[in-house]
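Here's the structure, in structure tokens; my notes come after.
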Amino acid sequence: MKPLAGFWLYTRFILERERIISAIWIVAMAASAVGFAAMYPSLFSTSTELSGMAQTMNTPAMVALMGPVYGLDSLTTAMVMAQTCLIWFAIASAIMNIFFVNRYTRADEELGRLEMFRALPMGRLANIAATLFCVLLLNVLIASLTMAGLLAINIGGTSIHGAFAYSFAIGAIGFSFAGITLLLAQLVSSSRGVLGAAFALFGLFYIIRAWGDMQGNDASYLSPIGLGLKVSAFYDNNLWLLAVLFGIAILITIVAGVVYVKRDLGAGVIPAKPGRKHASPLLKSPFGLAWRLTRGAVAAWAIAAVVAGAVYGSIVGELQSFLSNNAMMQQMVQGSDGGNSLVNDYITMLFSIMALLAAVPVINAAMKIHSEEKHGRIEQVYATATSRIGLYAGFIVIALLQSVLFMVLSTLGMYASGYSTGLLVLTDLFKASLVYLPALWVMLGVSVALVGLLPRLSVAIWVVYAYSFVIIYFGRMFKLPDWATNISPFGSVPQLPVADFNAVPLAVLAAIAVALTLVGLAAYRLRDLR
Amino acid sequence: MPVIEIKQLVKKFGKFTALDGVDFELDEGQVHAYLGPNGAGKTTTIRVLLGILRATSGSVSMFGKDAWKHSVELHKRLAYVPGEVNLWGNLTGGEVIDLMLSLRKPDKHHKERRELFLKRFELDPSKKCHTYSKGNRQKVALVAALASDAELFVFDEPSSGLDPLMEKVFQDIVLELKKDGKSVLLSSHILSEVEKLADKISIIRNGKIIQSGTMDEISKVAAGRSLEELFLSEYNGKEQ
Ligand SMILES: Nc1ncnc2c1ncn2[C@@H]1O[C@H](COP(=O)(O)OP(=O)(O)OP(=O)(O)O)[C@@H](O)[C@H]1O
Ligand SMILES: [Mg+2]
Chain V
1 MKPLAGFWLY TRFILERERI ISAIWIVAMA ASAVGFAAMY PSLFSTSTEL SGMAQTMNTP
61 AMVALMGPVY GLDSLTTAMV MAQTCLIWFA IASAIMNIFF VNRYTRADEE LGRLEMFRAL
121 PMGRLANIAA TLFCVLLLNV LIASLTMAGL LAINIGGTSI HGAFAYSFAI GAIGFSFAGI
181 TLLLAQLVSS SRGVLGAAFA LFGLFYIIRA WGDMQGNDAS YLSPIGLGLK VSAFYDNNLW
241 LLAVLFGIAI LITIVAGVVY VKRDLGAGVI PAKPGRKHAS PLLKSPFGLA WRLTRGAVAA
301 WAIAAVVAGA VYGSIVGELQ SFLSNNAMMQ QMVQGSDGGN SLVNDYITML FSIMALLAAV
361 PVINAAMKIH SEEKHGRIEQ VYATATSRIG LYAGFIVIAL LQSVLFMVLS TLGMYASGYS
421 TGLLVLTDLF KASLVYLPAL WVMLGVSVAL VGLLPRLSVA IWVVYAYSFV IIYFGRMFKL
481 PDWATNISPF GSVPQLPVAD FNAVPLAVLA AIAVALTLVG LAAYRLRDLR
Chain L
1 MPVIEIKQLV KKFGKFTALD GVDFELDEGQ VHAYLGPNGA GKTTTIRVLL GILRATSGSV
61 SMFGKDAWKH SVELHKRLAY VPGEVNLWGN LTGGEVIDLM LSLRKPDKHH KERRELFLKR
121 FELDPSKKCH TYSKGNRQKV ALVAALASDA ELFVFDEPSS GLDPLMEKVF QDIVLELKKD
181 GKSVLLSSHI LSEVEKLADK ISIIRNGKII QSGTMDEISK VAAGRSLEEL FLSEYNGKEQ
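Protein chains in written order, with the working numbering: chain V, 1 to 530; chain L, 1 to 240.
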């Protein structure tokens, strides 16, 4: 049979199923990309403001966060916008692509939906080809709309080339993760595993990029994110880099297609082997079950924390050379405490990023019980002498563990790799990192409250998360209104060691976290389960 | 005192009324079959009984205690096999059985019973759950329930997916449970199974009980027709 028979039919089916989610993504991405860009001219109306921004951007912390700095001698508004926004939309695009591809490949396969389609007169490759086609369409639509919008608002320094480079870099970086996810969906036999592996790779690529950009070496080219940022939108406009990135993505999808055709439906490439006949004593309790369902994630995130901390720590030594090569910067920090303020600035930035990363496993652990419910696996547990609170308490303990573990391990990782510079003091690092714990617990509380009160809207937690991200991110560059900062759990955390310690906001956050958790648990105890 | 006593149970999902005043009683030591067409409300009744769903109104009690308020305590005395068995793909069958048993606070003899039922159902406990066939997943849930020392067994279409040989094993086991004085709530679509096992029958349609009684009483209502003919006409709603 023709391998692509049924391609258009399946494409229509995906477009039908996707129309709402994709419409939301398209509008949210294009509108916010153009909307943010439209704010820049009022923020930087004079050339002094632009060169002031050049100084802010050209710090190690900002380069590690957002990518390489370019064109400082001839900055335009569009260039500042691209250097501070591109990475953020590239991340959002990657997330969108990862979820989209997993939804139509491994997730559908796991739920047995793919099996029904394969029984129809449909080619073996039709479903993954259609999935790729649709996700490509989605990326192109978003990029085209963004480009049209940027040309329409025409902020200073806009050119057709630049607008194309900026918009399609977002699309190309995102699409490369569509390819990576498609390949992972062939290798890993559960959709949760695919998502975990895809996001782990994403994190790795982000860190490689941060490291390469800080060192100013070519390592960044090894990461799709780094490669995409090197397009230098509105300056060099290296469009050929986008072509390379797209080519790599297509190559990966071809490999994925070959694996897909060769393997059995439902299987990964690693065959299942027989396991234990009896449960270990550890498993035989509600907490044991919660632990068993999350221990893989705990281990993976522990490794991620050490690696992330170590990579950022290894850059501390570079701060000195950054300083000596940069006359403007030297002037800035002279008179104050020299290199130390640079290091401190870097540390605050670092731990705000670590806290955002740590929030992901915390939220996942708090939400796990809801995903078990959606998969129909919780009913049989509650038919035993297990109380709802008892089981949920297990997941909450694990979420708390995740929060502490991530912050502690990333701190230790950073200290170990930056130790030789003599610039780091372990107790100060711990203060700067652990100060984020109450904020992480608020994220935990919001998750529990959603699962208890609004289980159908539980994805709203990621809106809270995205908001916190934006606040932390833009809070570093602009003076945001206090209320906007304070309604994000992370916004009111004292920025140690740059700012002074203040226990009041932390106590408030902890109280809010406890209240939300209790309300969520009370509601969870009383509501219908699916 | 009946083991299960449901009075005027109403369950609404938003505006949709899934159960509309259900009355149901299961007496000690009896097998009570619960029948009805697809979507009639059997599973919903069982889920209210288990405290997974909350009754909109009406009273639901087991062993004389409110099924919602005392659910945890009551669940030590019952074992349940869901209609659709979803297991954790990366746990083995043996692990799931042990987990379920220990969550129910097992007695001294559960280990022997576990091995016995594994043998009777010819189930390999060392396989990962995602590699089990549908019938084998069903067996995991059955062994986990039967190996307990529960007084009440709640089965929601327990034999869907079992082959005829295993179906026979299951029926034998239910008869043994009855002999041991256990009570059984059996929701099923297999009429021959119901005829063989049930002491009492209740039929639900559109959330209302439309027929309830002992086997003998039901046979009288049938008035010469076979049970199958009776059920078919009841399911169709021609009796009203
Ligand atoms: N969570 C829910 N929300 C809305 N409607 C529901 C929900 N659960 C069940 N229903 C509806 O309640 C009715 C009864 O469903 P139930 O699962 O109890 O049927 P059943 O008798 O077990 O059917 P079957 O023989 O197919 O298993 C159905 O119409 C179903 O669609
Ligand atoms: Mg049912």
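Positions of the beta carbon are idealized from the N, C-alpha and C atoms, including for glycine.
If I'm right that residue i touches residue j with Cβ under 8 Å, what's the distance once you round it to whole angstroms?
i                 : j                 : result
Thr181 of chain V : Asn97 of chain V  : 7 Å
Gly83 of chain L  : Leu9 of chain L   : Actually they are not in contact, since the Cβ atoms of Gly83 of chain L and Leu9 of chain L sit about 19 Å apart, beyond 8 Å.
Ile190 of chain L : Ser219 of chain L : Rounded, the Cβ-Cβ distance is 18 Å, inconsistent with contact.
Glu110 of chain L : Ala385 of chain V : It should be noted that the sequence gives His, not Glu, for residue 110 of chain L. Incorrect: roughly 14 Å between the Cβ atoms, too far for contact.
Leu312 of chain V : Leu350 of chain V : The question names Leu, but residue 312 of chain V is Tyr in the sequence shown. Tyr312 of chain V to Leu350 of chain V, Cβ: 5 Å. Contact.
Ser285 of chain V : Ser102 of chain L : 7 Å
Val561 of chain V : Thr348 of chain V : With chain V represented from 1 up to 530, any question about residue 561 of chain V goes unanswered, as that position is not in the structure.
Gly263 of chain L : Gly161 of chain L : Any property of residue 263 of chain L remains undetermined from this structure, which presents chain L solely from 1 to 240.
Phe175 of chain V : Asn139 of chain V : 5 Å
Phe395 of chain V : Ile363 of chain V : Not really, about 11 Å apart at Cβ, beyond 8 Å.
Gln186 of chain V : Ala249 of chain V : Incorrect: roughly 15 Å between the Cβ atoms, too far for contact.
Ala302 of chain V : Leu405 of chain V : 6 Å
Relative to ligand 1, is the shortest distance from any of its heavy atoms to the C-beta of residue i smaller than 7 Å?
i                 : result
Gly39 of chain L  : yes
Arg525 of chain V : no
Phe231 of chain L : no
Arg530 of chain V : yes
Lys108 of chain L : no
Ala55 of chain L  : no
Phe16 of chain L  : yes
Phe24 of chain L  : no
Phe501 of chain V : no
Phe13 of chain L  : yes
Does the Cβ of residue i lie closer than 7 Å to at least one heavy atom of ligand 2?
i                 : result
Asp156 of chain L : yes
Gly36 of chain L  : no
Lys134 of chain L : no
Gly83 of chain L  : yes
Thr43 of chain L  : yes
Residues within the region 95-114 of chain L neighbouring chain V, beta-carbon criterion of under 7 Å: Glu95, Asp98, Leu99, Met100, Ser102, Leu103, Arg104 and Lys105
Contact between the region 140-148 of chain L and the region 40-55 of chain L (3+ Cβ pairs under 8 Å): no
Positions along the region 52-63 of chain L whose CB lies within less than 8 Å of some CB in chain V: Ile52, Leu53 and Arg54
Contact the region 395-402 of chain V vs the region 294-301 of chain V: 3+ CB pairs below 8 Å: yes
Under 7 Å (Cβ pairs) to chain V, residues found in the region 116-129 of chain L: Pro125, Ser126, Lys127 and Lys128
Segment contact flag, the region 4-20 of chain V with the region 125-137 of chain V, C-beta cutoff 8 Å, min 3 pairs: They touch, by the three-pair rule.
contact_flag[the region 217-230 of chain V, the region 151-164 of chain V] where n(CB pairs < 8 Å) is 3 or more: no
Complete beta strand (DSSP E) runs within the region 127-200 of chain L (minimum length 3 residues, chain order): 152-156 and 183-187
Residue ranges of each alpha helix (DSSP H) within the region 462-515 of chain V, 4 or longer: 482-486
Chain L contacts made by the region 367-383 of chain V, where a contact means CB separation under 9 Å: Glu372, His375, Gly376, Arg377, Ile378, Glu379, Gln380, Val381, Tyr382 and Ala383
At least 3 beta-carbon pairs within less than 8 Å: the region 190-203 of chain V vs the region 164-171 of chain V: no
The region 29-40 of chain V touching the region 88-96 of chain V, judged by at least three CB pairs closer than 8 Å: Counting Cβ pairs under 8 Å, three or more are found: they touch.
Members of the region 385-404 of chain V that neighbour chain L once the beta carbon cut-off is set at 7 Å: Ala385, Thr386 and Ser387
Where the region 48-73 of chain V meets chain L: residues whose CB sits under 9 Å from a CB there: none
Sufficient close CB pairs (3 or more, under 8 Å) joining the region 14-23 of chain L to the region 204-214 of chain L: Contact holds: three or more Cβ-Cβ distances are below 8 Å.
Three CB pairs or more closer than 8 Å across the region 369-387 of chain V and the region 409-425 of chain V: The region 369-387 of chain V makes no contact with the region 409-425 of chain V: fewer than 3 CB pairs, one atom from each, lie closer than 8 Å.
Cβ contact (3+ pairs, closer than 8 Å) linking the region 204-221 of chain V and the region 137-148 of chain V: no
Stretch pair the region 229-244 of chain V + the region 66-86 of chain V: three plus CB contacts closer than 8 Å: yes
Contact between the region 512-524 of chain V and the region 442-454 of chain V (3+ Cβ pairs under 8 Å): yes
Minimum length 4: unbroken alpha helix (DSSP H) runs contained in the region 58-95 of chain V: 60-66
The region 39-53 of chain V contacting the region 204-214 of chain V, beta-carbon criterion three pairs below 8 Å: no
Touch test, the region 498-513 of chain V against the region 432-441 of chain V, Cβ-Cβ under 8 Å, three pairs minimum: yes
Interface residues of the region 179-194 of chain V facing chain L [CB-CB below 7 Å]: Ser190
Every unbroken alpha helix (DSSP H) within the region 411-459 of chain V, with a cutoff of 4 residues, ordered by chain: 426-434 and 437-453
Within the region 226-281 of chain V, ranges of the alpha helix (DSSP H) (whole runs, at least 4 residues): Note on the region 226-281 of chain V: whole alpha helix (DSSP H) runs with a minimum of 4 residues are 239-262, in chain order.
Length-filtered (4 minimum) alpha helix (DSSP H) runs lying within the region 114-198 of chain V: 126-153 and 160-187
At least 3 beta-carbon pairs within less than 8 Å: the region 480-490 of chain V vs the region 449-468 of chain V: yes
Near-chain V residues of the region 18-40 of chain L (beta-carbon distance less than 8 Å), N- to C-terminal order: Of all residues in the region 18-40 of chain L, none is placed with a Cβ closer than 8 Å to any Cβ belonging to chain V.
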